[in-house]
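Report on one structure; see the data block that follows.
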Amino acid sequence: MKKRNTFFLASIFLAFVFLSSCNRTEQRNTDSLQEAFKPYFHIGTALNFRQVMGHDTVTMEVVKKHFNSIVAENCMKSGMIQREEGDFNFELADQFVKFGEENDMFIIGHTLIWHSQAPRWFFTDEDGNDVSREVLIERMKNHIYTVVGRYKGRVHGWDVVNEAIVDDGSFRKSKFYEIIGEDFIKLAFQFAHEADPDAELYYNDYSMAVPGKRNGVVKMVQKLQEQGVKIDAIGMQGHIGLDYPEVQEFENSIKAYSDLGVKVMVTELDLSVLPMPDWGAGAEISKDYEYQKELNPYTEGLPDSVNVLFEKRYLDFFNLFLKHQDVISRVTLWGVNDNNSWKNNWPVRGRTDYPLLFDRNNEPKPVVDKIIQEALTKDR
């Protein structure tokens, strides 16, 4: 009897080892980013107009294979949805949300309140003068209630306020700030929560590894929390270069933001290989510099030496994200392939950049497999 029991238990143990080995083999062989990172965080991408409208089917197959989260690059910004007061156009936003639902994706709305790409009427009366504080608050409330309310229970998270702090940690002197004061941030989060109490709400900004901005954002979020404002995550726009920011400073910010008791999201990841005419520009979209040939050195492709730096840089950052996967809930690339990246035209128009994980033909770059392997071998 004892021999039979021992044999039986040994058989069960061997079967368990065999199945575990099969599972590990299957995992190691995956070529999908979303499958590799599923145990850790969502891996997402931004969709542009052509992709949302279904005019770029090849790219959308890449999206469905590699990503399980999507964010609206432009089609949900206030200037697109409400060009004239009270005249809401949800055609593209509806298609964006529908695609996400059909493919079981974590859907992000971007962005409710942003000083840039907001319609001019938002801040002025019929004579072109600034509206009163009360009028602007009412316009904010109506916009947020209408947009968030339309997608209640369907859009999982919202970038409620975008880029309200500048690099020295002070408030950006936007029209929202000039007319309402810093309370516009609290009110925006309040209105969004009222419109959909179950949606996640985020603050999103660039240059979030800059110590001055880090301190300003921490101070702002602490004040919001003291006022009872619901804020679920801080979005760190990941517009990085080959030598900026320092990985250590990025990590310092991940720790500082997560210490607030909120999630951290890397929201707009891309890696420019091109020289910047102004290293202090961050991702300030209003910057626009004259084209110079020396600012566009790789029109015929990247030299091997730059590719080596590109791969190392991406791997360094993804290893950082994996290290802090307990507080990072999403990493989103700002675009799918190099051809549709905004970095080709910012801050200098007409350049050829290579900032994303898929090339201009939608083929994964060699670094994609290396990133996947880092995820699959974590803690092994």
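Numbering (the numbering used here), first residue to last: 306 to 685.
Note that beta-carbon positions come from the ideal geometry of N, C-alpha and C, so glycine has one too.
Predicted, not measured: the structure shown is a model, and the values here were computed from it.
Since I believe A351 is in contact with T637 (beta carbons under 8 Å), could you give me their beta-carbon distance rounded to a whole number of angstroms? 7 Å
Can you tell me whether P652 is buried or exposed, with buried defined as 16 or more other CB within 10 angstroms of its CB? buried
Taking the DSSP output, what are the residues bridged to Y594? V653
Between which two residues does the alpha helix (DSSP H) carrying E554 extend? 552 to 563
Just verifying my parser: in three-state terms, what is the DSSP assignment at Y469? Reading the sequence as shown, one finds Ala at residue 469 and not Tyr. If DSSP states are grouped into helix, strand and coil, A469 belongs with coil.
With DSSP as the reference, label H420 as helix, strand or coil. coil
Contiguous beta strand (DSSP E) assignments of at least 3 residues, all confined to the stretch 428 to 511: 462 to 467, 505 to 510
Could you give the distance in angstroms between the alpha-carbon of S326 and the alpha-carbon of T682? Any reading at S326 must be qualified, since the residue scores a pLDDT of 48, below 50, and its modelled position is unreliable; the value itself is stated next. Answer to the nearest angstrom: the Cα atoms are 14 Å apart.
R635 - DSSP class collapsed to helix/strand/coil: strand
If the criterion is Cβ atoms closer than 7 Å, does the pair Y482 and V402 meet it? no
Which residues in the same chain have their Cβ closer than 6 Å to the Cβ of A377, if we skip the five residues on either side of it in sequence? F401, H415
How close, in whole Å, do the beta carbons of I386 and F372 come, if the pair is a contact with beta carbons under 8 Å? So it is not a contact: roughly 24 Å between Cβ atoms.
Beta-bridge partners of F663, as assigned by DSSP: N642, P669
If you measure between the beta carbons of D249 and Y659, is that distance less than 7 Å? Because the chain spans 306 through 685 in this model, residue 249 falls outside it and cannot be assessed.
Per DSSP, which residues does L576 bridge with? Please list them. I545
DSSP on E605, reduced to helix/strand/coil? coil
Counting Cβ pairs closer than 8 Å, one from the stretch 466 to 473 and one from the stretch 439 to 455, do we hit at least three? no
Determine the direct distance from the alpha carbon of D432 to that of Y603, and round the result to whole angstroms. 49 Å
I think N731 touches G474, with their Cβ atoms under 8 Å apart; what is that distance to the nearest whole Å? What is shown of the chain runs 306 to 685, which leaves residue 731 out entirely.
DSSP three-state assignment for K568, whether helix, strand or coil: strand
Pairs of beta-carbons, one from the stretch 360 to 368 and one from the stretch 625 to 632, closer than 8 Å: are there three or more? no
Cα-Cα, which of F404, S374, S421, P582 is closest to K343? S374
Between the Cα of K696 and the Cα atoms of V523, D501, I676, E556, which residue gives the shortest distance? Residue numbering for the chain in the displayed model covers 306 to 685; residue 696 lies beyond these limits and cannot be assessed.
How far does the alpha helix (DSSP H) with H371 in it extend, from its first residue to its last? 362 to 371
Cβ shell of L607 (< 8 Å), same chain only, five flanking positions each side left out: V578, F615, Y659
Restricting to Cα atoms, I'd like to know which of Q495, R459, W639 is closest to G533. Q495
Exposure of G349, with buried meaning 16 or more beta-carbon neighbours within 10 Å: buried
With DSSP as the reference, label F393 as helix, strand or coil. coil
Our contact map puts V571 next to M541 with C-beta atoms below 8 Å; I'd like the distance itself, whole angstroms only. 5 Å
By DSSP, does V515 sit in helix, in strand, or in coil? coil
Which residues in the same chain as I418 place their Cβ atom closer than 6 Å to its Cβ, once the five residues preceding and following it in sequence are excluded? V466, A493
Can you look up G349 in the DSSP assignment and give me helix, strand or coil? strand
Excluding sequence positions up to five away, which residues of its chain have a Cβ less than 8 Å from the Cβ of V672? F615, E616, Y619, L620, L662
So, K568 versus S634, is the Cβ gap smaller than 7 Å? yes
Do you know how far the Cα of E390 is from the Cα of E556? 42 Å
To which residues does DSSP link F411 through a beta bridge? S374
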